[in-house]
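As structure tokens, the structure follows; a few thoughts come after it.
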Amino acid sequence: MRYREDLGVYEVRLTVGGKRKSFYSPGPKSRENARKAELLRRKLALAYGLTRADPEEPPGLLEWLEAHAEAARAEGRRENTLNEYARYTRLVVDRLGSPRLDHLTPERLEALFRALAQEGYSRSTVTHVRNFLHAALERAVRYGRLHENPVDRTVLPRFPQREVGREISEEELRRLLETLKTHRLYPAFYLLAAYGLRRGEVLGLLWSDIDFENNLLHIRRALTVNTRTGQPILGPTKTSGSNRVLPLTEEAKEVLLAHRERMVLEELYQPQGLVFPSTTGNPVHPSNLRRTWLRVLKKAGVPRARLHDLRGTFITRVVRETKNPKLAAALAGHKSLAVALQHYTRVSEEDLKQTLRHLDPLGKDKG
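Residue 209 in the UniProt record's numbering sits at position 209 of the sequence shown, and the numbers go up by one each step.
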């Protein structure tokens, strides 16, 4: 390990599979940053099977999960994925502690999955936790730390049907946008409602993503929160299928041009900068957008709804108006049509009434 003055980082060098590899720990030269670099070296050495040659003493669960994440970082995993790994590690260790890997049993792991389900975590989240554990322990098997992967012999518990978010009515939406009209982030909420964008996609927009000349809106990044630091960071969209180009409507163009004028007056506009910076020019933390939303709901007299329900409402209305679920999935940035339909589309009472009228065998209510 050495400090690279030219790069301003600590360089950790390891020989893996006969090849010399370099890894970097950022930060100025200091005792604390040297300690962090040494910790990185240990984790990487553990993950690549360069330490603990004695199979009689497998590492602890926390130590191994962190080592697995560091190896994944070195292998080029996206920051979003690494943030999820950190989240899954907390979910597991908070409930299991950090037993030695060889003390993990299928029964113990299934108890973990049941506990998560009983605490209200979704099937999707528990499945991701299981997959994360499987990958980490499969690495341990490969490196001789375990004889077998205990996750292989586990099954997930039954999950109750989760209550989905609600559809926001047109009248409620009108009142919400009217209440937001003078707020500096009104254009962000407008895009959430008018395009069904994800919160991170809106907050991650740069002015270079908006083509006013050709009336196009490019979605190619998202703002997320680093789970280790709590700070917002720009990164790739949720999936490769989330990258998309959308038509910029006249209404959206008008809203965004007015917003740009305001940013110029506030001296916050930069041609390559964020469309929705904070008053200090930094990224808006996603939790701040949610807090604003909750205040506006109360002020507008609208029953509680999730900010994400704007997206669900948009997708539901596209399907209802166009009868084209594939179009809804494309607009929303979903590769899977099934995901868009299962998680976002809602059936209203009026939908049911109209369908029953249309199918009435006597035909009296048709037309």
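From the three backbone atoms N, C-alpha and C, an ideal C-beta is built for every residue, glycine too.
Being a predicted model, the structure only gives us computed values, none of them experimental.
Subject >> Range covered by the beta strand (DSSP E) that runs through G235 >> reply: 232 to 235
Subject >> Distance, K323 Cα to L7 Cα >> reply: 56 Å
Subject >> CB of V296 within 8 Å of CB of L176, strictly >> reply: yes
Subject >> Coil, strand or helix - V126 by DSSP >> reply: helix
Original post:
Three or more beta-carbon pairs under 8 Å between the segment 286 to 302 and the segment 208 to 218, yes or no?
Top reply: no
**OP:** Evaluate L294 with the Cβ neighbour count: other Cβ atoms within 10 Å of its Cβ, from every protein chain shown; 16 or more gives buried, anything less gives exposed.
**Re:** exposed
Original post:
Can you list, in chain order, the stretches of the alpha helix (DSSP H) that have 4 or more residues and sit fully within the UniProt domain "Core-binding (CB)" (55 to 141)?
Top reply: 61 to 74, 79 to 96, 106 to 118
Subject >> Status (buried if at least 16 other CB within 10 Å, exposed otherwise) for E321 >> reply: exposed
Original post:
Going along the chain, which residues of its own chain have a beta-carbon closer than 7 Å to the beta-carbon of L91, five neighbours each way excluded?
Top reply: L116, V129
Original post:
Between the C-alpha atoms of P58 and H308, what's the straight-line distance to the nearest angstrom?
Top reply: 43 Å
**OP:** Using three-state DSSP, classify H147 as helix, strand or coil.
**Re:** coil
**OP:** Identify whether H183 lies in helix, strand or coil by the three-state DSSP scheme.
**Re:** coil
Subject >> Sequence-distant residues of the same chain with beta carbon closer than 7 Å to K253, five excluded per side >> reply: F212, N215
**OP:** Spatial neighbours of T154 within its chain, please: CB distance less than 8 Å, with the 5 preceding and 5 following residues excluded, ordered by chain position.
**Re:** P106, L109, E110, F113, R130
**OP:** Measure the CB-CB distance between L96 and L61 and report whether it falls below 8 Å.
**Re:** yes
Subject >> Close Cβ partners of Q272 (< 8 Å) along its chain, the five nearest in sequence each way excluded >> reply: L206, W207, S208
Original post:
Under 8 Å, do E11 and S22 count as touching if we go by C-beta distance?
Top reply: yes
**OP:** Would you please state the rounded distance, in angstroms, between the beta carbons of L191 and I219? I believe it to be under 8 Å.
**Re:** Not a contact, Cβ separation roughly 10 Å.
Original post:
Which value, in whole angstroms, describes the spacing of the CA atoms of T279 and L268?
Top reply: 8 Å
Subject >> Option nearest residue 383 by Cα separation, candidates N33, L104, S30, R304 >> reply: Lying before the first or after the last residue shown, residue 383 is absent from the chain, which here runs from 1 to 367.
**OP:** Could you check which residue in L156, E138, L137 has the C-alpha nearest to that of Q118?
**Re:** L156
Original post:
When you compare only the Cα positions, how much space is there between S98 and H68?
Top reply: 14 Å
**OP:** Mind checking which residues open and close the alpha helix (DSSP H) that includes P303?
**Re:** Run containing P303: none; DSSP gives neither H nor E here.
**OP:** Within 10 angstroms of the Cβ of N149, are there 16 or more other Cβ atoms? Answer buried if so, exposed if not.
**Re:** buried
Original post:
What are the start and end residues of the beta strand (DSSP E) that includes P325?
Top reply: Taken as a continuous stretch (DSSP letters only), P325 belongs to no beta strand (DSSP E), being part of the alpha helix (DSSP H) at 325 to 332.
Original post:
Opposite H218 in the DSSP bridges: which residues?
Top reply: V245
**OP:** For S122, count neighbouring C-beta atoms within 10 Å of its own C-beta (all shown protein chains included) and say buried if the count is 16 or more, exposed if not.
**Re:** exposed
**OP:** Mind checking which residues open and close the alpha helix (DSSP H) that includes T313?
**Re:** 309 to 322
Subject >> From E250, P187, Y143, residue whose alpha carbon lies closest to that of M263 >> reply: P187
Original post:
Can you pull the DSSP bridge partners for T224?
Top reply: I233
**OP:** Could you tell me which of N288, S287, H259 sits nearest to L274, measuring between CA atoms?
**Re:** H259
Subject >> Between the CA atoms of E70 and G200 - distance to the nearest angstrom >> reply: 25 Å
Original post:
Shortest alpha-carbon distance to P247 belongs to which of S25, A330, H334?
Top reply: A330
Subject >> Three-state secondary structure (DSSP) of P277 >> reply: strand
Subject >> Buried or exposed by the 16-neighbour rule on C-beta atoms within 10 Å, applied to P28 >> reply: exposed
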